[in-house]
Each structure stands twice: as structure tokens, then as C-alpha cells.
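Enquirer: Same order as they appear, the protein sequences are chains C and X. Be aware that the first sequence starts at -11, since it is given in the numbering used here, and climbs by one per residue. Be aware that the second sequence starts at 344, since it is given in the numbering used here, and climbs by one per residue. Where a beta carbon is used, it is the ideal one built from N, C-alpha and C, also for glycine. Values in this document were obtained by computation on a predicted structure and should not be read as measured data. Sharing a structure with you now.
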Amino acid sequence: MGINDRVQEKSSVRLPDAKNLVLSSSPHLSSSADVRKIMLLVIFCMLPACGAGVWFFGLPALKVLLLSLFFCVGLEALWCFCAGKPVWGTIGDCSAAVTGILLALNLPPGVPFYVPLVGAALAIWLGKQIYGGLGNNPFNPVLVGRVGLLIALPALMTTWSPARGMAENYPEYQAFGMADPALAAGATSAPMELTTCATPLGVASTLPAPEAGKNRFEKIDNPSMWKEYFIGRQGGCIGETCAPALLLGGILLVIFNLINWRVPLYFAGTVFVLSGIVHFFFPQVTPTPLFHLLTGGLLLGAIFMATDMVTSPITGTGCLIFAVGCGIITTVIRIWGNYPEGVSFSILFMNALVPLIDRWFVKRPFGYTRRRREAK
Amino acid sequence: MNKSSRKVMSFTGGIHPVSEGKKLTDTHAVHTAPLLERYTVLVQQNAGKAPDVVVKPGDKVLKYQLLAKASGFVSADLHSPTSGEIAGIVEVPGPMGVPALALDIRSDGEDRACEIFAPIPEWRSAEPQVLLQRVADAGLVGMGGASFPTRVKLSIPPGKKVDTLILNGAECEPYLSADHRLMLESPCRVLEGAAIIGHLLGIQNIYVGIEINKHDAIAELERFSEDYGIRIVPLQVQYPQGSEKQLINAIVNRAVPPGGLPADVGCVVQNVGTAAAVSDAVTLGIPLVERIVTVTGKVLKDPGNWKLRIGTPVIKAIEFCGGITAEPSKLILGGPMMGFAQNSYEVPVSKNTSGILLFSRRRALNYSSGSCIRCGRCVQGCPMGLCTCLLATAIEGGRYDLAEQNHVMDCLECGSCAYVCPAHRPLVQTLRLAKAEIRRQRAAAKANGGK
Ligand code: SF4
Ligand code: SF4
């Protein structure tokens, strides 16, 4: 101490007390990335799909979107308040907002207000907070909400409204259970949710047995219909119909390094290949692989839900196995299952396997050769 | 060979820290610090055993005079930075956070040198043993950070064959530009030092790896490198490019096995600063008593690169830079990724001090750690290919065994994982904890087994 004082006297610069210097273990720098920024970017990437949903399904879709967002954030705040967790800190990370928007994208347009409310409660409370909040949930909260609703309110969750332009452009509209286009045209002023339709996958699963020599899926599975499906003119959940918007979102996610591009690619690829094989050998059993790719929630699930950071594996190999697993289960449910759609179930099932995948498929660290590892 | 179209080499993993810090000093030529009245020269400036002090309080010493003699194989000589009197052997705040012994030298203002070693200008015909002895006599240690005695590093264990010498000029730590300026201003000292080490080890393949953000240094070294038969390798700007294992991997594409040394894959890695010091020791006969230090930080009035003698207290270096403009909240010796935070301005510069960093409040980061969102960035960024987030989770749960099984001991403690983590988890800090604990357990097991 004595020495320090002597030197300090002679020194010409004044420095504040060294006791105030922060001591910590290295590194002393950190990147500017934080959880909130990541979540905001994810929301940004979902905007095209939201926009497309509102365009194709009109104001009811917008209502569901806003309600779901509001309920998710609100219920998270309520939980944190009751649990004595910091409220602003928790909703400030914006993960509840992501859940809210994603949940809405997974709901049929025009559901009454209590559907997003129940969904939000299931997603936020049962799906996430009960496990300790963001990062600790084994299952994708959005899918917990969606599947919960599917079981609790099956009728509401499978009542679909037609997308804008469907009636005019579908040559075989009756196949989708829709009203006569002339009638529909006359009723443009009527609220949209009054008219209903079926999803392509729903139609495919209920088509009667084929007449001899005719393709069972001919009416709903042909190039002109593919075009309609691709641009989003099909019945379905708010966010799952418009492929261009979903693909754009996916590309943005990859550009911002928010997802592993392998997951959507291998997920959709697996469904494409498997359904292709089945279709090739049994064309009466299932429609073409392109039909599978463009209808239902495959793209939404593969791009936005199987890639959820918290509930997908950490390593590249793990992601590959996870994605292929999702693809296999989806195809099996779609072709042989009771439900027309299997994306949500497959992702939830694979979520459950993530801890195992993480433990089995650790990366081989630098400097280890395969032989060395076996020798150990 | 077309130099401009060469492949820029790199390794897998790693991160890209903000580059802003280097701009503070990388255009500032090295200044030589004026003579101080007092130096506190740490006795132990090398990894391994502290050398034995050979002077007593009251002794008069000359510049370059031996102060402490290496006490074993892994130890290094220590020489006086100036002429004057030994006022005492005192305790000063040490760079590792604990008080350390230092020789308090009062300068007599004359800076008289004692008789130095005989220069060996014809080192090309000198015996390797003679050169190795000179390296030891000059008190050389690795100047990149670890301060491992250079003599030890250059004594290749029997049974190992080395065929490649790599000079580390990557300087991948943000903020530091000392090696950059050294290569730019004294390219021939660096290259000559490399050639001497090459001759000493009987190695023909000599590379200097430099990150491409130092293109002026690359150009400068390339002007002379052919005369020495040395290859300059541009490297991707990527942290931790300057870590031995990653550097070897990037330049000669060999992977040092876990727990192994560069010699296991036939390589020797030396810092460019050490090479320059080798050149000085051999061709001029001067021991190591000063080094280039980057003194930097936005709160400094005039950040720059300074040639400081060992034993210069940090506060003096801050003074050379014109003092401060705002209150510093953190003082770091070394780089921001692997350096050590200090809580005293009296810490002296030692042979391995590459930088003195002052961070403002904004930069002096306090970890407010959130929960892992399993984004995988730490895994992508780990140069050793570890699943850092899973390791940290295992350690937090007390499962050291699981962490050990998953190779926690291979962690370099480079800090890349903690740098990129958006949840600001103290990842490398957690891993350090486990490494210390596992080492302790192993030592205990060994002691028990010995009974
Ligand atoms: S970078 Fe941080 S948040 Fe991301 S996986 Fe690693 S520990 Fe978790
Ligand atoms: S500190 Fe260790 S675990 Fe973290 S990135 Fe570096 S080597 Fe990997």
C-alpha cells in the first residue's frame, strides 16, 4: 500500500479509485446480439405470411392475429405477475409475441375470440411457463396450443373459410364443399365466415373410392390446381396457405442466421420423397408429392415450427435426424392416419426426442479421429 | 505464384468479433517510452517455476544485467530494464489478481548497459546448441500471452520430429495491434528471428500466418520473405485464428490431437514478437527487457503502441497516452477475449503483456445472464467443436462427469462461446469452473492411488 501511495503522488494523471474497476473473468467483450433482437427478427420474418393471411382471408384473420398476439403477451404477463417474475423483463424478450403470431398463423381464419384465448393459455402456460419459461420448454408452445385446441374444440378447429379468389378460380368447387360461385358472387357483401369450404387435404382424405380406370384425386390434384394452391388460394390456417410468403420468410430466416436451413429442406424433402414413392406405386392411395408439399401446414411447420430454436436439436447432425423424423411421421399420418394433417403431431413427437438426439449426436471435437474415439 | 489470388486460409468454427477496436491504434507507429524513475520488475514472468533472484536490496545494477537465474528447465532468466539501484524486493499487485514479488529498481537516469552477449551475426553457421543456449540466456518467453519459456518450446522432446515452423502473426484479439506494428515496422527482425529458429531446429518449412486485415504488414513481410525462404500465409479474420491448434490447422491442415502438443504433428509455433526477440538476442546479443504494448481504449486521450520496458507500472503507460478523458470501468492486461481484468493501476508490464486496455462503463460488461434459448450459436462458434451450451447445462446441474465425457477438458477458454451467446450466459466461465474441479478431482485420485 505504501508504495502505491508514493507513486500515485508523483503521477501526473488523476485516475479514479482502482477499487471501482470491474473484475471479471474473460471474455470482456460480447456481441451485440441478444434474445430480444433475435425474437424481433423472427417476427419480421413472419410478416410476409401474416400479410398473405390477411390478404386471403380478410379482416377475420387480422382479428385472430391481433387477439392471439394480445392474449399470449397478456397471459405471459399475468403468469409472471402471479409467479413473482419480472413482468417487463419477461415479455420484453418478445418470445410471447412470437408465440402469439405463430399461434394465429396456425388457427383457421374466422374462429371466435375464445379460440385464441384458450390457445394462448395452453401455449403460454402449459407449453412454456410451467416448465420455467423461455428456453426450458421441451415442446413447441405453439403446437401445444394448437393440438390442445384440436382435441378440445375439433369442430371449430376444422371449419375453414375459403380464401379470396377461390370460388372464381376453382373449376371443381363442389368438390371442396363450397357454394355455387354465382351464389357466392351475389353474396360478396355477406361476411366471409358464413361460407365454408374444405382444405385440399381434407378433401383428399374423404374422397370416395375411385371408379375403375379413373384417378381418384384427379379433380383436386392437377397442374392448374397446383398453381392455385401455390399462390395461396386454398382453405387452411391463416398462415399456412401462401407458399411464396412462407418461402420468403424462410429465406429471410436463413439470411439472418436464425434457423438451420437443413431442417425445412430435409423435412419437406422427406415428405416429398416418401409420398412420391407411395404415390408412384399406389396412385389411388395418395395424391402426388407436389400436392403434399403445397397443401396443409407442411411449409409453415417446416419453416417456422420445426426450426424453433428451443425445441430443436443443437447440432447439425441432430437437426438432420430431427427433420427427417418429422418428415416420416408427417407422411405416415397423412397417408394412413385418422387425421388428414400430421405436421403438428410429428413435430411434437420429435420434440420429445430432442434431449436424446442431443446426447447421442454430439459433434466430434477438433482433433478427434474416428478411430481415436472408438479406442476410448 | 500469383500472390493476390492466393487462398485465404482458416479453420472451422470461430467468431467474428467487432473490428472497431483495432482502428484505435493500428495506424499508430510504435513510440519508445521515456526512462522512468522506478521499475517494479516481477520476479516471475514465465510460466513454470519462478527464477532465483541473484541480486540483493542495495545492489547497483546495470541495464541488461542478470536479476534472476532460471531455477530449472521450465523457467527463464530475468534481466534489468535499466541501470540503478535495487531498492528492495516488494509485493506489488500481480497481473493474475494476486500480489506478486517484484524487484523495485530505482533508475539512476543514466541507463548504462552492462556487457551484453557476443553477437552471432553468422548464425547460419552456428551450432544449434549455441543458439538454444542464447535463447535461454536472453530470458526469452512466448510473448503472445502464455509466456512459456522459449527454450523449452524449442527443445523438441526425443522421439518427436518437427518439420514445420509457424510464426503466429494472426493477432486475432480485438483491440490489439502490437504485433501488427512490429511486423510493419521491423519485418526483417521478425523474418530473421524466424530463420534463426528454423536453423536451430533444422526446419526448412517456415510460415508466417497473418490475418488479412493487416494487409500492409503482409505486403511488407512479403517484400523480404523470399530472401529468407519464408512463406507468408494470409488468414481469414476470425477469432481465435491465433490459437496454436487453429493456426496449425489453417496453415498446414493438421489437427493436434486432444491433450497433445504441436510437436505431435511436427509443428512448432512461435509468436512474431518472440521471433523478433530471438533475432535481437542472437544478432545483437540483447536480452529481453522491453516489448511493444498496445495501450488502448476509448477513454484514453491518445491510445497508441508503446515500446515499454518490463516493470513499467500500468499507470505510467496510461500517462504516456496523455491520461484519460472519461472514467474507466475496467482495466485489462492482454486482449479483451482472453486477458485478465485488474483492480490496480500499479500492475507492472511483463514479458507477455501484449495490451493494456481501458474500457468505459458501456464496454465493461456485466453479465445479466438469461436462460439458454438453444440457438446453437455457441456450438457453431466453438473452434474445438464442443457443444458448449449442453456442457454448461450439465455443469450447472453438477454433472461434471457428463461434462468430462463430452470433452470439456479440450476447451481452449478462448471465450468465443460467451461472446456470441445472445442470452449472455457465462459459458466459458462455467466451463473453467468444471475444468478446475475436474483437475482437482484427478489430482486427488492420483494422490489416493499413490498411497
Ligand atoms: S449461444 Fe447461448 S443461448 Fe445460444 S445455445 Fe449457446 S448457450 Fe444457449
Ligand atoms: S471457450 Fe471453450 S467452449 Fe467456448 S468457444 Fe472457446 S473452446 Fe469452445
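May I ask whether a heavy atom of ligand 1 can be found less than 7 Å away from the beta carbon of ILE716 of chain X?
Expert: If you number the second sequence from 1, residue 716 of chain X lands on position 373. Checking every heavy atom of ligand 1 against the Cβ of ILE716 of chain X, one is found closer than 7 Å.
Enquirer: Within the same chain, show all residues whose beta-carbon is closer than 7 Å to that of GLY724 of chain X, passing over the 5 residues directly before and after it, in chain order.
Expert: As a first step, residue 724 of chain X is located in the second sequence; it is residue number 381 there, counting from the start. If we look at GLY724 of chain X and ignore the five residues flanking it on each side, its Cβ neighbours are GLY356, GLY357, ILE358, SER759, CYS760 and VAL763.
Enquirer: Along chain X, which residues have their Cβ under 9 Å away from the Cβ of GLY351 of chain C?
Expert: Numbered from 1 along the first sequence, position 363 holds the residue referred to as residue 351 of chain C. What sits at residue 351 of chain C in the sequence shown is Lys, not Gly. Result: VAL722, CYS725, GLY728, LEU729 and CYS730.
Enquirer: With 9 Å as the limit, tell me which residues of the stretch 397 to 414 of chain X have their beta carbon closer than that to any beta carbon of chain C; keep them in chain order.
Expert: Listed in sequence order: no entries.
Enquirer: Does the beta carbon of SER18 of chain C come closer than 8 Å to any beta carbon on chain X?
Expert: If you number the first sequence from 1, residue 18 of chain C lands on position 30. Yes, contact with chain X.
Enquirer: Given the structure, does VAL314 of chain C come close to ligand 2, in the sense that its CB is under 7 Å from one of the ligand's heavy atoms?
Expert: Here the question's residue 314 of chain C lines up with position 326 in the first sequence. In the sequence on display, residue 314 of chain C carries Cys and not Val. Incorrect: CYS314 of chain C has no Cβ contact closer than 7 Å to ligand 2.
Enquirer: Taking its Cβ as the centre, do 16 or more other Cβ atoms sit within 10 Å of THR357 of chain C, making it buried, or is it exposed?
Expert: For the purposes of this step, residue 357 of chain C is taken as the residue at position 369 of the first sequence. Label assigned to THR357 of chain C: exposed.
Enquirer: Measure the Cβ-Cβ separation of LEU474 of chain X and VAL625 of chain X and say whether it is below 8 Å.
Expert: As a working mapping, residue 474 of chain X is identified with position 131 in the second sequence. As a working mapping, residue 625 of chain X is identified with position 282 in the second sequence. For LEU474 of chain X and VAL625 of chain X, yes; Cβs fall inside 8 Å.
Enquirer: Report yes if the C-beta distance between GLY77 of chain C and ARG24 of chain C is below 8 Å; otherwise report no.
Expert: Against the first sequence, residue 77 of chain C aligns to sequence position 89. Against the first sequence, residue 24 of chain C aligns to sequence position 36. No, Cβ-Cβ distance for GLY77 of chain C and ARG24 of chain C is not below 8 Å.
Enquirer: Assign VAL273 of chain C to one of two classes, buried (16 or more other C-beta atoms within 10 Å of its C-beta) or exposed (fewer than that).
Expert: Along the first sequence, read from residue 1 onward, the residue named residue 273 of chain C stands at position 285. Classification for VAL273 of chain C: exposed.
Enquirer: Using 8 Å as the limit for Cβ to Cβ distance, is LEU379 of chain X near chain C?
Expert: Counting from one through the second sequence, the residue named residue 379 of chain X turns up at place 36. Closer than 8 Å: no.
Enquirer: Could you check where the beta strand (DSSP E) with ALA430 of chain X kicks off and where it finishes?
Expert: Start at 1 with the first residue of the second sequence, and residue 430 of chain X comes out as number 87. Unbroken beta strand (DSSP E) run through ALA430 of chain X: 427 to 436.
Enquirer: Is there contact here, the stretch 563 to 583 of chain X with the stretch 527 to 544 of chain X, by at least three beta-carbon pairs under 8 Å?
Expert: They touch, by the three-pair rule.
Enquirer: Output the boundary residues of the beta strand (DSSP E) element that contains GLU554 of chain X.
Expert: Sequence index remark: in the second sequence, residue 554 of chain X carries index 211 (1-based). Start and end: 548 to 554.
Enquirer: Report yes if the C-beta distance between CYS230 of chain C and GLY220 of chain C is below 8 Å; otherwise report no.
Expert: Translated into positions along the first sequence, residue 230 of chain C becomes position 242. Translated into positions along the first sequence, residue 220 of chain C becomes position 232. In contact: CYS230 of chain C and GLY220 of chain C (Cβ atoms closer than 8 Å).
Enquirer: Who are GLY100 of chain C's beta bridge partners in DSSP?
Expert: To locate residue 100 of chain C, count along the first sequence from 1; it is residue 112. Just to set this straight, residue 100 of chain C is Pro in the shown sequence, not Gly. PRO100 of chain C is not bridged to any residue.
Enquirer: Counting only C-beta atoms, is MET297 of chain C closer than 8 Å to chain X at any point?
Expert: Here residue 297 of chain C is taken as the residue at index 309 of the first sequence, counted from 1. Chain X, which has a Cβ nearer than 8 Å to the Cβ of MET297 of chain C, makes this yes.
Enquirer: List the residues that DSSP assigns as beta-bridge partners of ASN614 of chain X.
Expert: Stepping through the second sequence from its first residue, residue 614 of chain X is reached at position 271. Beta-bridge pairing links ASN614 of chain X to X:ASN511.
Enquirer: Rounded to a whole number of angstroms, what is the C-alpha to C-alpha distance between LEU651 of chain X and THR637 of chain X?
Expert: If you number the second sequence from 1, residue 651 of chain X lands on position 308. If you number the second sequence from 1, residue 637 of chain X lands on position 294. Taking the straight line joining both Cα atoms gives about 10 Å.
Enquirer: Flag GLY719 of chain X as yes when its Cβ comes closer than 7 Å to any non-hydrogen atom of ligand 1, and as no otherwise.
Expert: For the purposes of this step, residue 719 of chain X is taken as the residue at position 376 of the second sequence. GLY719 of chain X Cβ: within cutoff of ligand 1.
Enquirer: So the candidates are C:LEU138, C:TRP113, C:GLU329 and C:ALA85; which of them puts its Cα closest to the Cα of PHE127 of chain C?
Expert: Within the first sequence, numbered from 1, the residue matching residue 127 of chain C stands at position 139. Among C:LEU138, C:TRP113, C:GLU329 and C:ALA85, the Cα nearest to that of PHE127 of chain C belongs to C:TRP113.
Enquirer: Against GLY666 of chain X, what residues of chain C qualify as contacts under a CB-to-CB distance less than 9 Å, listed in chain order?
Expert: For the purposes of this step, residue 666 of chain X is taken as residue 323 along the second sequence, with counting starting at 1. Going along chain C in sequence order, the residues near GLY666 of chain X (Cβ under 9 Å) are SER0, VAL1, ARG2 and LEU3.
Enquirer: Under the three-state reduction of DSSP, which class applies to ASP395 of chain X: helix, strand or coil?
Expert: Counting from one through the second sequence, the residue named residue 395 of chain X turns up at place 52. Reduced to three states, the DSSP call for ASP395 of chain X is strand.
Enquirer: What number of angstroms, rounded off, separates the C-alpha of TYR688 of chain X from the C-alpha of VAL657 of chain X?
Expert: On the second sequence, position 345 is the one that residue 688 of chain X refers to. On the second sequence, position 314 is the one that residue 657 of chain X refers to. So the two alpha carbons sit approximately 5 Å from each other.
Enquirer: Using a Cβ-Cβ distance cut-off of 8 Å, determine whether VAL251 of chain C contacts chain X.
Expert: For this step, residue 251 of chain C is matched to residue 263 along the first sequence. Not closer than 8 Å to any Cβ of chain X, the Cβ of VAL251 of chain C fails to qualify, so no.
Enquirer: Give me the residue from X:GLY431, X:TYR571 and X:PRO605 with the minimum Cα distance to VAL398 of chain X.
Expert: In the second sequence, counting from the first residue as 1, residue 398 of chain X sits at position 55. If we check each option's Cα against that of VAL398 of chain X, X:GLY431 comes out closest.
Enquirer: Which residues of chain X have a Cβ atom closer than 8 Å to the Cβ of GLY133 of chain C, listed in chain order?
Expert: For the purposes of this step, residue 133 of chain C is taken as the residue at position 145 of the first sequence. The contacting residues do not exist; GLY133 of chain C stays about 19 Å from chain X at best.
Enquirer: Out of curiosity, what's the CA-to-CA distance linking ALA735 of chain X and LEU770 of chain X?
Expert: The residue you call residue 735 of chain X lines up with position 392 of the second sequence. The residue you call residue 770 of chain X lines up with position 427 of the second sequence. Answer to the nearest angstrom: the Cα atoms are 6 Å apart.
Enquirer: With a threshold of 8 Å, are at least 3 pairs of Cβ atoms found where one atom belongs to the stretch 97 to 108 of chain C and the other to the stretch 124 to 144 of chain C?
Expert: Short answer: they touch.
Enquirer: Can you check whether the CB of LEU701 of chain X is closer than 8 Å to the CB of VAL690 of chain X?
Expert: On the second sequence, residue 690 of chain X is found 347 positions in, with the first residue counted as 1. On the second sequence, residue 701 of chain X is found 358 positions in, with the first residue counted as 1. No, they are not a contact pair.
Enquirer: Leaving out five residues on either side along the sequence, give the residues of the same chain with a beta carbon under 6 Å from the beta carbon of TRP732 of chain X.
Expert: Taking the first residue of the second sequence as position 1, residue 732 of chain X is located at position 389. Checking the displayed sequence, the identity of residue 732 of chain X turns out to be Cys instead of Trp. Once the five neighbours on either side are set aside, the close Cβ partners of CYS732 of chain X are CYS715 and CYS721.
Enquirer: Taking 8 Å as the threshold (beta carbon to beta carbon), is SER687 of chain X in contact with chain C?
Expert: Counted from its first residue, the second sequence places residue 687 of chain X at position 344. Taking Cβ atoms only, chain C reaches closer than 8 Å to SER687 of chain X, which makes this a yes.
Enquirer: Which residue spans inside the stretch 176 to 261 of chain C form an unbroken alpha helix (DSSP H) run of at least 4?
Expert: Segments of the alpha helix (DSSP H) lying fully in the stretch 176 to 261 of chain C: 188 to 194, 211 to 219 and 231 to 243.
Enquirer: Since I believe ALA684 of chain X is in contact with LEU11 of chain C (beta carbons under 8 Å), could you give me their beta-carbon distance rounded to a whole number of angstroms?
Expert: Counting from 1 along the first sequence, the entry for residue 11 of chain C is found at position 23. Counting from 1 along the second sequence, the entry for residue 684 of chain X is found at position 341. About 5 Å separates the two Cβ atoms, so the contact holds.
Enquirer: To the nearest angstrom, report how far apart HIS374 of chain X and CYS664 of chain X are at their CA atoms.
Expert: For this step, residue 374 of chain X is matched to residue 31 along the second sequence. For this step, residue 664 of chain X is matched to residue 321 along the second sequence. Taking the straight line joining both Cα atoms gives about 10 Å.
Enquirer: Residues in the same chain with beta-carbon distance under 7 Å from THR305 of chain C, minus the five sequence neighbours each way, listed in chain order, please.
Expert: Walking along the first sequence from the start, residue 305 of chain C turns up at place 317. The answer, listed in chain order, is PHE349.
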